[in-house]
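The structure appears below as structure tokens.
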Amino acid sequence: MNFNSKEEADLFESKMTAANLWFEKDTEDHQGDILYLFAVKNREFDLVQKINFEVNAKFRKNFIPNKTGRYVLVGFFLFIMLIALIGYFKTNY
């Protein structure tokens, strides 16, 4: 597992310690950024993956950060679907 921010790595480490799971921790310089690396046992991978998903969910960012932009995009796709349905029914009925 790897993380780009210290906050994510610290939360992951605390959750791993709380779950009493073995891990090794290291840092690596990657193109000027610091990566926080964790090594885990293969047999515990499912548990670690669940913890990883929880950490990623906590630090998740929206694909489109602007709320208005999200609604405009959804409205646009609904409008396109409406045009497609009208075209379908006009040609077949």
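Reminder that position 43 of the sequence shown reads as 42 in numbering that gives the first Met the number 0, one-by-one numbering, no gaps. Even glycine gets a Cβ: it sits at the ideal position worked out from N, Cα and C.
Around the beta-carbon of Ala17, fewer than 16 other beta-carbon atoms lie within 10 Å, marking it exposed. Contact annotation: Val54 and Phe11 have beta-carbon atoms nearer than 7 Å.
In the structure shown, the three-state DSSP call for Lys66 is helix. Where Ala8 is concerned, the enclosing alpha helix (DSSP H) starts and stops at Lys5 to Ala17.
In the structure shown, Phe78 falls within a helical segment according to DSSP collapsed to helix, strand and coil.
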